[in-house]
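Protein chains: 2
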Amino acid sequence: MQPSTLSGSGLSDLCAQRASRMAASEIRELLKILERPGLISFAGGIPDPALFDVEAFRTAYAGALARPEAAAAALQYSTSEGYLPLRRWIAAHMARSGVDCTPDNILITSGSQQAIELIGKLFIDEGDTLLTAAPTYLGALQAFAPNGPRYDTLGDNVTAAVHRARAEAAGSRVKLIYLVPDFANPSGDTLSLAERARIVDMAAELGCLIVEDGAYTALRYGGEELPPIAALDARRAGSVDAGRTLYCGTFSKTLSPALRVGWICGPRETMQRLTLAKQAADLHSATINQVAMHAVAEACYDDRVAAARHQYRIRRDAMLAALDRHAPPGMDWTRPDGGLFVWVTLPPGVDGRRLLKRAIEEANIAFVPGRAFFAEEPQDNTLRLSFSLADPARIETGMERLCDLIRSEVAALRAVPDAVPA
Amino acid sequence: MQPSTLSGSGLSDLCAQRASRMAASEIRELLKILERPGLISFAGGIPDPALFDVEAFRTAYAGALARPEAAAAALQYSTSEGYLPLRRWIAAHMARSGVDCTPDNILITSGSQQAIELIGKLFIDEGDTLLTAAPTYLGALQAFAPNGPRYDTLGDNVTAAVHRARAEAAGSRVKLIYLVPDFANPSGDTLSLAERARIVDMAAELGCLIVEDGAYTALRYGGEELPPIAALDARRAGSVDAGRTLYCGTFSKTLSPALRVGWICGPRETMQRLTLAKQAADLHSATINQVAMHAVAEACYDDRVAAARHQYRIRRDAMLAALDRHAPPGMDWTRPDGGLFVWVTLPPGVDGRRLLKRAIEEANIAFVPGRAFFAEEPQDNTLRLSFSLADPARIETGMERLCDLIRSEVAALRAVPDAVPA
Chain A
17 MQPSTLSGSG
27 LSDLCAQRAS
37 RMAASEIREL
47 LKILERPGLI
57 SFAGGIPDPA
67 LFDVEAFRTA
77 YAGALARPEA
87 AAAALQYSTS
97 EGYLPLRRWI
107 AAHMARSGVD
117 CTPDNILITS
127 GSQQAIELIG
137 KLFIDEGDTL
147 LTAAPTYLGA
157 LQAFAPNGPR
167 YDTLGDNVTA
177 AVHRARAEAA
187 GSRVKLIYLV
197 PDFANPSGDT
207 LSLAERARIV
217 DMAAELGCLI
227 VEDGAYTALR
237 YGGEELPPIA
247 ALDARRAGSV
257 DAGRTLYCGT
267 FSKTLSPALR
277 VGWICGPRET
287 MQRLTLAKQA
297 ADLHSATINQ
307 VAMHAVAEAC
317 YDDRVAAARH
327 QYRIRRDAML
337 AALDRHAPPG
347 MDWTRPDGGL
357 FVWVTLPPGV
367 DGRRLLKRAI
377 EEANIAFVPG
387 RAFFAEEPQD
397 NTLRLSFSLA
407 DPARIETGME
417 RLCDLIRSEV
427 AALRAVPDAV
437 PA
Chain B
17 MQPSTLSGSG
27 LSDLCAQRAS
37 RMAASEIREL
47 LKILERPGLI
57 SFAGGIPDPA
67 LFDVEAFRTA
77 YAGALARPEA
87 AAAALQYSTS
97 EGYLPLRRWI
107 AAHMARSGVD
117 CTPDNILITS
127 GSQQAIELIG
137 KLFIDEGDTL
147 LTAAPTYLGA
157 LQAFAPNGPR
167 YDTLGDNVTA
177 AVHRARAEAA
187 GSRVKLIYLV
197 PDFANPSGDT
207 LSLAERARIV
217 DMAAELGCLI
227 VEDGAYTALR
237 YGGEELPPIA
247 ALDARRAGSV
257 DAGRTLYCGT
267 FSKTLSPALR
277 VGWICGPRET
287 MQRLTLAKQA
297 ADLHSATINQ
307 VAMHAVAEAC
317 YDDRVAAARH
327 QYRIRRDAML
337 AALDRHAPPG
347 MDWTRPDGGL
357 FVWVTLPPGV
367 DGRRLLKRAI
377 EEANIAFVPG
387 RAFFAEEPQD
397 NTLRLSFSLA
407 DPARIETGME
417 RLCDLIRSEV
427 AALRAVPDAV
437 PA
């Protein structure tokens, strides 16, 4: 991640050391330009607002405020753990995917971003090693960053022993494995059942924590449903309470991101500690939103997931087909079974950030350069495309424009003689 | 603060060092017993739900979700800085109290608890010295704790030079002054204009930050309105941007705590850094709640403040009168000009925690033992009373029972011969 370029003196010299590790998200900054007229955005991992069930939320908020006693409770302080009926709903939801748990295993958070942040605060000491995919979710890197971790990359042929040796060589220990097993942000990759089992084994061997980010799990458009790592871990350990996985869930990609309702599911004892961290962070998540989210989930969760799968599947197919049609040689991309993202590897030498500048100025399209998704050793010839917001016709137009630009970048690279080293 | 007593092994040995500093709030734990039938609670600093304008919130949420385009925006991700119309409203609100600022000086947070937590994260290194009142707001101690600060107590006769010398003797520096200038939680104390000016001078001399917690400022029942420290600091520095004060505000005590909408007002450059911390913490505060809070504030902020002042003034008066009537000799208490709290110093030897146990079991009343409000050297013979929830008749009953219990504790202490040192 690039450090932000905040200038000036003022209070800057009073900042804590960790402040130097807090960087701006390129994605969040990008959100600000997305209101340009006519711009076709493949940038943010933003759900299509046409999929929000506005009527259900209208009914839910009206219901939360209908009877005086319920209204008084919905507008009042509430417990740090979260609204019990919602925790019950989530426990049942987790059980449906094979994670047998109770409301005591559930803490409500302000989106899964806060879930990740609280876990980082509770577990990461400066210099601890985190194992992640590369690329991985930028927001997790940001959430972990203030604690000063180091990173090691999960790979097919890297064993627990190798990870341990690398950490020890750096005077560190492996503290946690962070991953998005289904249709990962940004790669679109999904871990196979065998890979999930391998992660559970590796964590047990390393004596470390698993942070499973299930943000996109509900959005599957193809392939076979796979159990969450949390389910495999609980089976191995005998129970969720005996396990070592903290599962981070959210309603942001299925019902609405704006209410900021997510959760952590994990061993009861750890949940009590995380509840203390939550209490110190913001006392509790918004009461009325928990009440409303519970009502909407009860009313239409499965329907909304089905609608989202239908819509996004069409868009994913459109994007993959358009890339097949228009891509120049030397460009590669993933074919995700779900989620919102396709990850593109550009021909060697083509820089994602320079391409974005041209894309916005010359083609009125936007995406996220891939660089920001790497904890270390960023690959500049990568980018992330989201297919969630544009309809198939705009996806076709956008991919054609993007591929034309890439082609022209490649041609420009060929025209310039190699720089002569001084 | 007492460390929480979480037992078991499991993932505990993986916790970060800072985890040992995260303690449970006695107040939040108390909230759980407050549903006992007939219990008269003077415990939580909880607004009276009868003061919530349910109709205004009903209208606001319905309005936020009425037109399709507005509904789509209210249910969608939004910027980390917060909803611009709400930031404009708050900037105008701050200007009314003498803090001349723009929306660029305002960051929306999930309650003022998050405001304090983000400031701690951005500024406090381990071992930094914080100057606070003793007692002070427990939630601030909890929010700061993970960063590992040390404390020094603000006092009438303690100069900047003395604070600096004490910090230097401990190998530390004074990083920030935290205070609640109006009707402080828990003491009920209000800083005079001269004391506010002295804080501004002291911060300038020490080159440190001021964190001004204005949670109760709107709830004044007597005495003269005083400018926030932020206003005095901006006047001295020439502008908010050139100042060194971060003002934390909230709607929790005036409109509703459940939406988790608060704010920080401070120098623009620092707000940009705090926005990064906010982004990493939870991306943004709930969009729909910011839209709804803006609508309610526009519709009835002044009316709700007037209603709250009227109601709470009656209760404060009832509590002070009941204490005057029933208190045994040797008991002392504050006479706040506003807010929600009266701070009680018990006769020597009477322990607030033991008294609470008896109060709940024998008298069906609750309060918060004062011990938890001290960063260091807790005073066990103290307690905090909130007058926000009970009507005058129940306040009278509760204070009579409380004073009877204290009288019986004093009598019991007299009956026991002094322990003979071994």
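One line per chain: the protein sequences are A and B, in this order.
For the first sequence, the working numbering begins at 17 and goes up steadily by one.
For the second sequence, the working numbering begins at 17 and goes up steadily by one.
Using N, Cα and C, we set each Cβ at its ideal position, and we do this for glycine too.
Length of the line joining the Cα atoms of residue i and residue j
i          : j          : result
Gly-26(B)  : Ala-89(A)  : 36 Å
Arg-34(B)  : Gly-414(A) : 48 Å
Ala-438(A) : Phe-58(A)  : Since pLDDT at Ala-438(A) reaches only 40, below the 50 mark, its modelled position is unreliable, and the value read off the structure follows with that caveat. Straight-line Cα distance between these residues: approximately 40 Å.
Ile-422(A) : Gly-386(A) : 15 Å
Gly-204(A) : Thr-266(A) : 18 Å
Cys-207(A) : Trp-279(A) : Position check: residue 207(A) holds Leu in this sequence, whereas Cys was assumed. Rounded to whole angstroms, Leu-207(A) to Trp-279(A) spans 22 Å at the Cα level.
Leu-161(A) : Arg-37(A)  : The residue asked about is misnamed: residue 161(A) is Ala in this sequence, not Leu. In a straight line, the C-alpha of Ala-161(A) is about 6 Å away from that of Arg-37(A).
Val-384(A) : Thr-233(B) : 44 Å
Ala-186(A) : Ala-379(A) : 46 Å
Ala-176(B) : Ile-215(B) : 9 Å
Glu-241(B) : Asp-64(B)  : 23 Å
Gly-230(B) : Glu-377(B) : 35 Å
Ala-337(B) : Leu-271(B) : 28 Å
Arg-103(A) : Ala-322(B) : 37 Å
Gln-18(B)  : Pro-363(A) : Its pLDDT being 39, under 50, Gln-18(B) is placed unreliably in this model, and the value from its coordinates should be taken loosely. Cα-Cα distance, rounded: 59 Å.
Thr-361(B) : Gln-327(B) : 26 Å
Leu-55(A)  : Gly-223(A) : 48 Å
Val-432(A) : Leu-399(A) : 23 Å
Ala-150(A) : Pro-273(A) : 25 Å
Where residue i falls: helix, strand or coil (DSSP)
i          : result
Cys-31(B)  : coil
Ala-438(A) : Per-residue confidence for Ala-438(A) stands at a pLDDT of 40, beneath the threshold of 50, marking its modelled position as unreliable; no derived number is given.
Tyr-328(B) : helix
Pro-385(A) : strand
Leu-339(B) : helix
Arg-400(A) : strand
Val-70(B)  : helix
Ser-36(A)  : helix
Arg-289(A) : helix
Tyr-237(A) : coil
Asp-353(A) : coil
Leu-22(B)  : With a pLDDT of 40 at Leu-22(B), under the threshold of 50, the modelled position of that residue is not reliable, and the figure given next carries that caveat. Coil at Leu-22(B), not helix or strand.
Ile-439(B) : Because residue 439(B) is not part of the residues shown, which for chain B are 17 to 438, the question remains open.
Arg-146(A) : For clarity, residue 146(A) is Leu in the given sequence; the question names Arg instead. Leu-146(A): strand per DSSP, three-state reduction.
Thr-270(A) : coil
Beta-carbon proximity of residue i to residue j, cut-off 8 Å
i          : j          : result
Arg-430(A) : Asp-353(A) : no
Lys-440(A) : Leu-30(B)  : It is not possible to answer for residue 440(A), since the shown part of chain A is limited to 17 through 438.
Val-358(B) : Met-335(B) : yes
Thr-145(B) : Pro-119(B) : no
Cys-264(A) : Ser-128(A) : yes
Leu-262(A) : Ala-308(A) : no
Arg-320(B) : Asp-69(B)  : yes
His-300(A) : Ser-96(A)  : yes
Val-277(B) : Ile-124(B) : yes
Ile-132(B) : Gly-98(B)  : no
Arg-417(B) : Ile-381(B) : yes
Cys-3(A)   : Asn-121(A) : Here chain A comprises residues numbered 17 to 438, so residue 3(A) is not present and cannot be evaluated.
Leu-100(B) : Lys-294(B) : no
Residue range of the unbroken beta strand (DSSP E) whose run includes residue i
i          : result
Asp-367(B) : First-last for Asp-367(B): undefined, no H or E at that position.
Ala-118(B) : It should be pointed out that residue 118(B) corresponds to Thr in this sequence rather than to Ala. Premise fails: Thr-118(B) is in no beta strand (DSSP E) and is neither H nor E.
Leu-225(B) : 225-229
Where residue i meets chain E, residues with beta-carbon distance less than 7 Å
i          : result
Gly-127(A) : Looking at the structure shown, chain E is missing, and the protein chains on hand are A and B.
Host alpha helix (DSSP H) of residue i (start-end)
i          : result
Leu-195(B) : Run containing Leu-195(B): none in the alpha helix (DSSP H); it sits in the beta strand (DSSP E), 190-195.
Glu-416(B) : 408-431
Leu-134(B) : 127-139
Glu-85(B)  : 84-90
Leu-262(A) : That residue, Leu-262(A), is in no alpha helix (DSSP H); its beta strand (DSSP E) goes 261-266.
Val-216(B) : 209-222
Val-443(A) : As shown, chain A starts at 17 and ends at 438. That puts residue 443(A) outside it, with no answer to give.
Ile-245(B) : 245-253
Jot down the residue ranges of each uninterrupted beta strand (DSSP E) in the stretch 148-172 of chain B, minimum 3 residues, whole runs only, in chain order. For the stretch 148-172 of chain B, whole beta strand (DSSP E) runs of length 3 or above, ordered along the chain, are 166-169.
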